[in-house]
Amino acid sequence: MSKHFTNIISNLFGRFASAKFATPIQKIINNSYVKFLGLDMSEFDKPSSYDSLNALFTRELKRAREIDSDPKSVISPCDSFITEMGKIEEKRAYQIKGMSYDLAPLLGVEYQKEIDSLEGGEFVNFYLSPKDYHRYHIPFDLKVESLTYIPAKLYPVNIPFLKKKVNLFIENERVVIATRDNYDKRHFLVLVGALNVGKMVVTFEKQVQTNSSTKSPKYFNYQEPIYLKKGECFGYFKMGSTILMFSQKESISYDVSQGQSVKFAQVIGRLKGE
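Numbering (the numbering used here), first residue to last: -9 to 264.
Here you go:
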């Protein structure tokens, strides 16, 4: 099967963003991007210090943000806007109000037996716009048991497209990460690709190469679980996109709401384990 046009566009944009132009030209590109989107660079190096647009997209914080020490607190994994959240009912969640989708095709064939454990649980959608800090972090201490990369299309995931494209998250490329918290409750983190997101990087699994020539899902099962600490960076989007989080019933409660902007390290809820 030939590549979808959204993947081709994203590849072309990715090549431009990865290119390292002569310093005066790169400064113009970077400064123009910052000005056009109105980026707040107060926590980052000056725009001219990045040698490519991708380096600017995936910028690191100059100083680490303080991470809450309470083992039950849940922090936002990213700087983002909560487009939707709520209960998982009849094995379905919402991409936007009034437009639900089935979790089975979203998570993929490897996790069909897991879906029952999510019934009655919580979901939350974090949308990262192109102007946001693009790195993602661990929301609470957890262990990663497996991961699936599902190659697919790369439609935009902004609000207008969420409202008109049925099953958008299912049609888009994604990385599904199956985890458990310290109370043995199941949580899924799903990274969703989008137009111009040439790559989604997962630091603990270098074999994941998104928006590539891969045509079939790739499943990684970790016999020895990967333990990650709250606040730890586990990758980044090369542009803006979305993180979906699904949690087992009675495992988590949130103190935020749909339509709210959140920052990485902000406390947004609590784990319910004993």
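Every residue gets a Cβ at the ideal spot worked out from N, C-alpha and C, and that includes glycine.
Check the Cα spacing between Phe47 and each of Phe113, Phe71, Ala12, Pro120: the tightest is with Pro120. Straight across, the Cα-Cα distance linking Pro129 with Ser39 is about 30 Å.
Leu144 sits in coil when the DSSP states are folded into three classes, being neither helix nor strand. By the beta-carbon neighbour count (other beta carbons within 10 angstroms, threshold 16), Ser231 is buried. Taken through DSSP and simplified to helix, strand or coil, Arg55 comes out as coil. Per DSSP, Ala94 has no beta bridge partner at all.
As DSSP reads the structure, Glu112 sits in a beta bridge with Lys77, Ser237. Going by C-alpha positions, Glu50 is about 25 Å away from Glu163.
Around the C-beta of Lys220, 16 or more other C-beta atoms lie within 10 Å, and the residue is accordingly described as buried.
Under DSSP, Asp60 takes part in no beta bridge, so it has no partner. Note on geometry: alpha-carbon atoms of Lys17 and Phe3 lie some 18 Å from one another.
Contact between Ser241 and Lys262 holds: CB atoms are separated by about 6 Å, below the 8 Å threshold. Minimum Cα-Cα distance from Ala168 among the listed residues Pro150, Asp92, Thr138 corresponds to Thr138. Residues Gly110, Gly111, Glu112, Phe113 of the same chain have their beta carbon placed closer than 8 Å to that of Lys77, with the five preceding and five following residues left out of the count. Under the three-state reduction of DSSP output, Val252 falls in the strand class.
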